[in-house]
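Here's the structure we're looking at; comments come further down.
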Amino acid sequence: MIHTIDTHYQGRERATAVYLVAGPAGPLLIETGPGSTLPYVLTGLKQHGYEPADIQHVLVTHIHLDHAGAAGWWARQGAQIYVHERGAPHLIDPSKLINSASRIYGDRMDELWGETLPAPAEQVTVIYDGERLKLNGVEILVLETPGHANHHHAYRIGDECITGDSAGIHLPGSPFVDIPAPPPEFHRERWLETVKKLQAQNFSRIHPTHFGAHDNVAERLSAFALLIDDMTEFIGDCLRAGYERDEIVARLYDWVQERLTRGGADEAIRQLHEVANPFAMAVDGISRYWHKYGGLA
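By the working numbering, the letter at position 157 of the sequence shown is numbered 204, and the numbering carries on one by one without gaps.
The structure is reproduced here in C-alpha cells:
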C-alpha cells in the first residue's frame with residue numbers, strides 16, 4: 048500500500064510529497080523531502096502508526112534537495128539510503144549541493160531547505176537500472192529515467208510507479224502537466240526516451256513527487272511528452288528571437304497561464320505551479336539545453 052505524505056513545502060499543501068510504502072515486514076520511505084519539512088513527514092508517519100526508528104529503508108529518485116535533502120538525517124537514524132550511482136557521492140558529501148543552492152537562494156537557504164546532513168558512506172547503497180529489490184517484503188523494480196537529471200530513478204511497485212520528476216508535475220485539480228526543467232541536466236531527447244520507457248510499463252497509477260496518486264496514466268504521459276517538445280521549442284524560439292532571460296521568464300509565465308486558464312484552473316492552482324516549478328528555473332534549464340545541444344551561442 049502506497050501512502051502519500053504531504054511535506055507542506057513552503058507552507059503549501061499538495062505541492063511536494065514523500066511516499067510511505069507499508070510492506071508486510073515493515074514500512075519503507077521513498078523520497079525524504081528537504082530538512083525543513085521533516086516535522087510534517089514525521090507527523091505523517093505517526094498518523095500511519097510509525098516512528099522514525101521503524102524506517103530502515105529509504106529510496107530517493109534523485110538528489111535534488113526537494114526530494115532527498117533529508118536523506119542524511121534518515122541515515123543517521125539508522126536507515127539505509129538507496130540511490131543512483133551518480134547521486135551517491137553527493138549524499139555522502141552534500142557540500143556541492145549546498146553551495147550550488149546557496150548561490151541561488153542566499154539567505155533563504157535555511158527557510159527553504161533546512162539542514163542537509165551528510166550520510167555516512169556505509170548507509171548509502173547504490174542501485175542500478177533493472178535491479179529488483181525486495182525490502183521488507185516489498186518488490187521494487189528500479190528504472191533509470193534521465194531527462195530531468197542524469198541520476199534519476201523511478202520505482203515500480205506492483206503495477207504502480209513512484210516517478211519522482213520523470214513523469215512530470217501533476218498537481219491535484221490542475222489541467223496542466225508541468226515540466227520540472229532545472230539546470231544543468233535537462234535534456235529533451237533523453238526525457239522523451241524516458242517517457243517511452245514509462246509508457247511501455249503500462250502502469251495503472253503513477254505517484255509523482257509533485258504530487259499524489261494519479262490514474263489515466265497513458266493520457267498523462269502522452270500529454271507530458273507533447274509538452275516537453277512544446278515548451279522546449281517555445282523557449283528556443285524566444286532565444287532565437289533575442290529575448291533576454293527576464294523577458295523569456297515573463298513570456299513563459301503567460302504561456303503557462305494561458306493553458307491553465309483554458310483548463311479552468313483557479314488561483315490556488317496557479318500559485319501552486321509556481322511553488323512546485325518556478326518559471327525562472329525552467330527557463331534556465333531549457334536555455335542551457337539549447338546553448339549546449341541546440342547550436343545556440
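Cβ atoms here follow ideal geometry from the backbone N, Cα and C, with glycine treated the same way. This structure is a prediction, so every number in the text was calculated from the model and none was measured.
Residue range of the unbroken beta strand (DSSP E) whose run includes residue i
{"i": "TYR129", "result": "127-131"}
Alpha-carbon spacing of residue i relative to residue j, whole angstroms
{"i": "PRO255", "j": "ALA288", "result": "34 Å"}
{"i": "THR90", "j": "LEU343", "result": "48 Å"}
{"i": "PRO227", "j": "ILE216", "result": "7 Å"}
{"i": "ILE295", "j": "GLU305", "result": "15 Å"}
{"i": "ASP206", "j": "HIS320", "result": "28 Å"}
{"i": "LEU245", "j": "PRO219", "result": "21 Å"}
{"i": "GLY184", "j": "ARG59", "result": "33 Å"}
{"i": "ALA214", "j": "ARG123", "result": "31 Å"}
{"i": "TRP121", "j": "GLU132", "result": "19 Å"}
{"i": "TYR340", "j": "PRO325", "result": "23 Å"}
{"i": "ARG252", "j": "ARG237", "result": "23 Å"}
{"i": "HIS199", "j": "ASP212", "result": "8 Å"}
{"i": "HIS104", "j": "ALA168", "result": "15 Å"}
{"i": "ARG248", "j": "ASP154", "result": "For the record, residue 248 in the displayed sequence is Gln; it is not Arg. Cα to Cα, the separation comes out at about 43 Å."}
{"i": "HIS257", "j": "TYR290", "result": "30 Å"}
{"i": "THR51", "j": "GLU232", "result": "27 Å"}
{"i": "ALA72", "j": "ILE174", "result": "21 Å"}
Cut-off 6 Å between Cβ atoms - residues of its own chain near residue i, not counting five sequence neighbours on either side
{"i": "ILE209", "result": "TYR66, ILE77, TYR202, HIS254"}
{"i": "THR172", "result": "GLN127, TYR129"}
{"i": "LEU180", "result": "ILE187"}
{"i": "MET48", "result": "ALA69"}
{"i": "ALA260", "result": "ARG252, HIS254"}
Close-in-space but distant-in-sequence residues of the same chain around residue i (CB under 7 Å, 5 per side omitted)
{"i": "TRP160", "result": "PRO81, GLY82, SER83, LEU112, GLY116, ALA148"}
{"i": "LYS143", "result": "HIS137"}
{"i": "VAL311", "result": "Checking the sequence shown, residue 311 turns out to be Gly, not Val. Within the same chain, GLY311 has close Cβ partners PRO222."}
{"i": "PRO165", "result": "GLY119, ILE139, ASP140, PRO141"}
{"i": "TYR152", "result": "LEU159"}
{"i": "TRP302", "result": "PHE281"}
{"i": "ALA327", "result": "VAL296"}
Residue i - partner residues in DSSP beta bridges
{"i": "HIS111", "result": "Per DSSP, none; premise fails for HIS111."}
{"i": "ASP225", "result": "ILE216"}
{"i": "TYR175", "result": "Answer by DSSP bridge pairing: none, since TYR175 is not bridged."}
{"i": "LYS181", "result": "GLU186"}
{"i": "GLU191", "result": "HIS200"}
{"i": "PRO255", "result": "GLY211"}
{"i": "TYR66", "result": "THR51, ILE77"}
Member of the options whose CA lies at the smallest distance from the CA of residue i
{"i": "ALA69", "options": "GLU98, PRO86, ARG59", "result": "GLU98"}
{"i": "ARG317", "options": "ALA122, THR51, ARG61", "result": "ARG61"}
{"i": "PRO229", "options": "LEU188, TYR300, GLY194", "result": "GLY194"}
{"i": "GLU191", "options": "THR163, LEU182, VAL242", "result": "VAL242"}
{"i": "ALA64", "options": "LEU92, GLY341, ALA72", "result": "LEU92"}
{"i": "TYR300", "options": "ALA196, ALA329, GLU280, THR54", "result": "ALA329"}
{"i": "GLN170", "options": "GLY96, THR54, LEU106, CYS285", "result": "LEU106"}
{"i": "ARG267", "options": "GLU232, VAL224, MET278, LEU307", "result": "VAL224"}
{"i": "ALA272", "options": "ARG235, ALA196, ILE102, ILE52", "result": "ARG235"}
{"i": "LEU125", "options": "ILE102, ALA323, HIS109", "result": "Looking at the sequence itself, residue 125 is Gly, so the reference to Leu does not match. It is ILE102 whose Cα lies nearest to the Cα of GLY125."}
{"i": "THR79", "options": "THR54, THR279, PHE250, TYR175", "result": "THR54"}
N-terminal and C-terminal residue of the alpha helix (DSSP H) that residue i is part of
{"i": "ILE333", "result": "326-340"}
{"i": "GLY96", "result": "Per DSSP, GLY96 belongs to no alpha helix (DSSP H) and is neither H nor E."}
{"i": "THR210", "result": "It is not in any alpha helix (DSSP H) - THR210 instead sits in the beta strand (DSSP E) that spans 207-211."}
{"i": "HIS137", "result": "135-139"}
{"i": "LEU239", "result": "235-247"}
CB contact below 7 Å: residue i versus chain B
{"i": "ALA62", "result": "Protein chains in the displayed structure number just one, and chain B is not present."}
Beta-carbon proximity list for residue i, same chain, < 8 Å, skipping 5 on both sides
{"i": "ARG335", "result": "PRO230, PRO231, PHE233"}
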